[in-house]
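Engineer: Right, I'll just put the structure down here and ask away after.
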Amino acid sequence: MESNGHAISCHGVQKHYGEGETRIDALRGVDFDARFGELSFLVGPSGCGKTTLLCVIAGLLDRNEGNLTVLGRSLDGVSDRDRVLFRRKNLGFVFQQYNLLPALTAAENVAVPLLAAEVPRKEALDRAKALLSRLGLEKRVTALPSKLSGGQQQRVALARALVHEPRIVVCDEPTAALDHATGETVMELLASNAVQPDRAVVVVTHDSRVFHHAHSIARMDDGRIVEVTRPNGSAAESVGEFDSFQKEAAL
Amino acid sequence: MNFVALRMLTGDRAKYFGLVFAIAFCTFLLENQTSIFANILRRTASQILDVTDAEVWVMDPKTEYWDQTKALKDTDLTRVRGVSGVGWAVRLFKGNPVARTSTGKFAASFLIGLDDATLAGAPRQMLMGSWERLREPDSVVIDKAGYVLLFPKEPLRLDRTLEMNDHMVRIVGISDASPPFASLPVMHTRYSEAVGFVGRERTQLSFLIARAAPGVTPKELTARIEKQTGLRARTTREFMWDCVGYYMRNTGIPVNFGITIGVALVVGTVVAGQTFYLFTVDNLKQFGALKAIGVTNLRLTGMILLQAFSVGALGFAIGTGMAASFFELTLHKLATRHIVLMWQCVGITGAAIFFVVIVASVLSIRRVLVLEPAAVFQG
């Protein structure tokens with residue numbers, strides 16, 4: 046069972062690139078938890094380590110120090126193949142630049158995680174089409190990504206992240222390439238479709254206009270979590286700068 | 162995921178067709194050049210291979226190839242016939258008289274004199290007339306290309322006359338003899354006529370052709386003849402390779418063709434290999450996304466191999482089709498008759514393309530395997 050209702054639990058996580066004079070410390074001892082049933086935001090200025098932390102959580106990068114458990118399991122010592130299989134089963138990804146395969150239709154793109162998991166093609170496509178319908182793209186299932194707007198492409202990417210019903214969804218700047226209205230729509234769809242009692246959603250963003258969707262917001266700076274807050278009324282876990290941060294969100 | 166791999170491959174039509182064309186062009190170039198090279202070398206032994214009756218050729222020990230002969234003595238025929246294991250042995254004359262038409266058109270030619278009694282070695286592919294008519298006095302069978310050379314733009318017709326060494330000879334047949342290395346008319350006549358058409362020399366016996374008795378292999382027979390007579394004896398295929406080898410060693414043909422084939426191989430393979438490699442590199446972000454999503458390295462390797470082999474097979478098939486079409490067109494031209502797409506060249510080219518595909522795949526796979534899936538988060 047996952048520890049304390051936490052889907053993700055990081056303690057003292059450190060990550061650096063390079064050695065010696067060229068060493069760059071991207072994470073300098075991060076403590077971060079993401080709970081089931083919540084949208085957890087990781088926010089902060091560019092280069093503060095948000096994406097690196099996301100990659101470490103997703104098992105795409107190895108940390109140098111600290112403890113990390115994902116779904117109650119440490120991935121230390123796990124083979125690359127098992128790590129990939131763990132990721133395939135339990136994680137869904139939404140990328141800033143969508144990263145849809147340009148040669149595949151919307152439905153086929155959504156079906157990719159199912160195909161990777163050996164689900165028969167017809168069943169995978171049927172499930173993909175059903176999910177796209179839920180996201181309002183029932184008339185665009187056969188469209189290629191190049192024929193979709195940015196918002197539609199991000200919705201397809203969202204469907205791809207959810208189609209295999211992962212326990213954790215990680216989103217990297219999902220609204221950065223979208224205008225405000227489209228970004229708001231995508232976030233609403235994310236909140237309404239991805240947030241489940243047995244699922245955690247981690248969103249990296251610096252788009253303060255969508256902060257109101259968050260259940261918790263962890264602010265990073267210079268490779269550390271400097272502030273954690275729960276905007277919707279729960280006890281704040283701020284470490285000092287929350288007021289200015291909330292004002293920024295309200296603006 | 163196979164269909165994903167194939168859709169990734171064909172999704173960008175311009176790149177896909179560029180890739181297929183590169184491999185098809187490489188295939189065409191290699192098959193074309195190697196086949197022409199092999200067929201031209203084969204022409205150095207055309208008249209040897211045309212003699213299907215015999216399987217052993219006997220010649221002076223100094224004779225190295227078809228075009229260079231040192232005459233045997235007439236008594237050598239008797240000596241060879243005396244070797245045990247010889248089923249039969251007959252004379253064969255080869256000369257190069259000049260043939261003239263009544264209009265004054267003339268051409269040096271290959272004249273082959275056949276044993277008067279058996280006509281062994283006569284051309285079996287006749288387009289008009291019959292080789293049996295060679296029994297008539299002053300008669301020759303000429304190949305179609307020679308006829309067209311001597312009687313340009315005139316229809317094929319029998320009983321036309323030629324003058325050779327003050328002899329009027331009559332064309333009694335038109336054959337489809339294999340073209341010789343030098344594009345000269347090929348004529349067949351009886352041995353006794355041929356020596357007269359060329360001009361008398363003290364000894365004129367060019368070759369003896371023989372067939373082994375039942376139970377004796379041609380190879381065994383050549384060994385026996387050489388041991389008992391001191392003459393040089395070769396099987397038909399050995400003699401063919403002697404001719405090919407002579408031209409390989411003593412002419413610039415292999416160097417010229419070797420350069421062309423080498424350039425075709427390098428250019429074709431580099432273009433095809435680099436195009437496929439760049440195709441994979443261009444798609445690295447897509448492969449990175451697939452890795453992040455949870456597609457294993459083994460599966461990605463399979464996808465790249467599938468892409469490589471499907472595009473390789475299609476390009477090779479199209480290139481072979483182009484080469485086959487080319488040779489089908491040129492096969493009916495007099496100058497390029499009998500030059501065909503050789504299956505050996507198709508096999509060699511297929512192996513070269515397979516090698517290129519393997520190398521390009523390995524390089525591409527390496528790039529994908531070392532790719533950090535986290536790179537897709539870099540924007």
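Residue numbers (the numbering used here), protein chains in the order written: chain S, 46 to 296; chain Z, 162 to 540.
The beta-carbon is built from N, C-alpha and C at its ideal position, and this holds for glycine as well.
Just so it is clear, the structure is predicted and the values come from calculations on it, not from any experiment.
#1: If you draw a straight line from the C-alpha of residue 208 of chain S to the C-alpha of residue 214 of chain S, how long is it?
#2: What whole-angstrom Cβ distance do residue 342 of chain Z and residue 240 of chain Z have, given they're in contact under 8 Å?
#3: Any beta carbon of chain Z sitting closer than 8 Å to that of residue 105 of chain S?
#4: Closest Cβ-Cβ distance between residue 112 of chain S and chain Z: below 8 Å?
#5: Tell me, please, whether the CB atom of residue 235 of chain S is closer than 8 Å to any CB atom in chain Z?
#6: Going by the DSSP bridge assignment, what does residue 216 of chain S pair with across the sheet?
#7: Tell me whether residue 83 of chain S, by its Cβ, gets closer than 7 Å to a heavy atom of the ligand ATP.
#8: Return yes when the Cβ of residue 247 of chain S is within less than 8 Å of the Cβ of residue 53 of chain S, no when it is not.
#9: Inspect the beta-carbon positions of residue 196 of chain S and residue 230 of chain S and report whether they are closer than 8 Å.
#10: Among S/146, S/276, S/119 and S/90, which has the Cα closest to the Cα of residue 449 of chain Z?
#11: Check the Cβ-Cβ distances between residue 456 of chain Z and every residue of chain S, and say whether any is below 8 Å.
#12: Return the residue from the list Z/250, Z/248, Z/247 and Z/272 that minimises the CA-CA distance to residue 258 of chain Z.
#13: Counting contacts by CB-CB distance shorter than 8 Å, is residue 158 of chain S in contact with chain Z?
#14: What residue from S/64, S/88 and S/103 has the CA that sits closest to residue 221 of chain S's CA?
#15: Near residue 537 of chain Z, what residues of its chain come up, given a Cβ to Cβ distance below 7 Å and the 5 sequence neighbours on each side ignored?
#16: Kindly list, in the order they appear in chain Z, the residues whose Cβ is closer than 7 Å to that of residue 138 of chain S.
#17: Is DSSP giving residue 479 of chain Z helix, strand or coil here?
#18: Which stretch, first to last residue, makes up the beta strand (DSSP E) that contains residue 406 of chain Z?
#19: Reducing DSSP to helix, strand and coil, say where residue 230 of chain Z ends up.
#20: Compute the Euclidean distance between the alpha carbons of residue 102 of chain S and residue 71 of chain S, then round it to the nearest angstrom.
#21: Between which two residues does the beta strand (DSSP E) harbouring residue 274 of chain S extend?
#22: Starting from residue 541 of chain Z, find everything on chain S with Cβ-Cβ shorter than 8 Å and list it in chain order.
#23: Check each candidate in S/165, S/61, S/170 and S/81 and name the one with the smallest Cα separation from residue 110 of chain S.
#24: Within a Cβ cutoff of 6 Å, which residues of the same chain sit near residue 244 of chain Z, ignoring the five residues on either side of it in sequence?
#25: Buried or exposed: residue 510 of chain Z, going by 16 or more other Cβ atoms within 10 Å of its Cβ?
#26: Return the first residue and the last residue of the beta strand (DSSP E) that residue 273 of chain Z is part of.
#27: I'd like to know if the stretch 176 to 195 of chain Z and the stretch 372 to 383 of chain Z are in contact, where contact means that at least 3 CB-CB pairs between them fall below 8 Å.
#28: Per DSSP, what kind of secondary structure is residue 55 of chain S in: helix, strand or coil?
#29: In chain order, which alpha helix (DSSP H) runs of at least 4 residues are fully inside the stretch 293 to 357 of chain Z?
Structural biologist: On the basis of the coordinates in this document:
#1: Approximately 11 Å between the Cα atoms of the pair.
#2: The pair is not a contact, with the Cβ atoms about 31 Å apart (cut-off 8 Å).
#3: Yes, residue 105 of chain S counts as interfacial toward chain Z.
#4: For residue 112 of chain S, the closest Cβ of chain Z is not nearer than 8 Å.
#5: Using a Cβ-Cβ cut-off of 8 Å, residue 235 of chain S does not count as an interface residue toward chain Z, since no Cβ of chain Z sits closer than that to its own.
#6: Its beta-bridge partners are S/139 and S/248.
#7: As presented, the structure is devoid of all ligands, the ligand ATP included, so that no description of it is given.
#8: In this structure, residue 247 of chain S lies closer than 8 Å to residue 53 of chain S by Cβ.
#9: With a cutoff of 8 Å on beta-carbon distance, residue 196 of chain S and residue 230 of chain S are scored as near each other.
#10: Taking only the C-alpha atoms, the option nearest residue 449 of chain Z is S/146.
#11: At least one chain S Cβ lies under 8 Å of residue 456 of chain Z.
#12: When each option's Cα is compared against that of residue 258 of chain Z, the closest is Z/272.
#13: So yes, residue 158 of chain S belongs to the interface.
#14: Among S/64, S/88 and S/103, the Cα nearest to that of residue 221 of chain S belongs to S/88.
#15: Contacts found: 446, 449, 450 and 453.
#16: In chain order: 453 and 454.
#17: Of the three classes helix, strand and coil, the one that applies to residue 479 of chain Z here is helix, per DSSP.
#18: Looking at the DSSP string, residue 406 of chain Z is not in any beta strand (DSSP E); the run it does join, the alpha helix (DSSP H), is 397 to 411.
#19: Coil.
#20: Taking the straight line joining both Cα atoms gives about 14 Å.
#21: Per DSSP, the unbroken beta strand (DSSP E) holding residue 274 of chain S starts and ends at 269 to 274.
#22: As displayed, chain Z neither begins before 162 nor continues past 540, which places residue 541 of chain Z out of reach and without an answer.
#23: That would be S/61, whose Cα lies nearest to the Cα of residue 110 of chain S.
#24: The residues are 385, 386 and 389.
#25: Counting Cβ neighbours within 10 Å, residue 510 of chain Z comes out buried, since at least 16 surround it.
#26: Start and end: 271 to 275.
#27: Judged by Cβ distances under 8 Å, the stretch 176 to 195 of chain Z makes no contact with the stretch 372 to 383 of chain Z, as fewer than three pairs qualify.
#28: Strand at residue 55 of chain S.
#29: Taking 4 residues as the minimum length, the alpha helix (DSSP H) runs contained wholly in the stretch 293 to 357 of chain Z are 305 to 311, in order along the chain.
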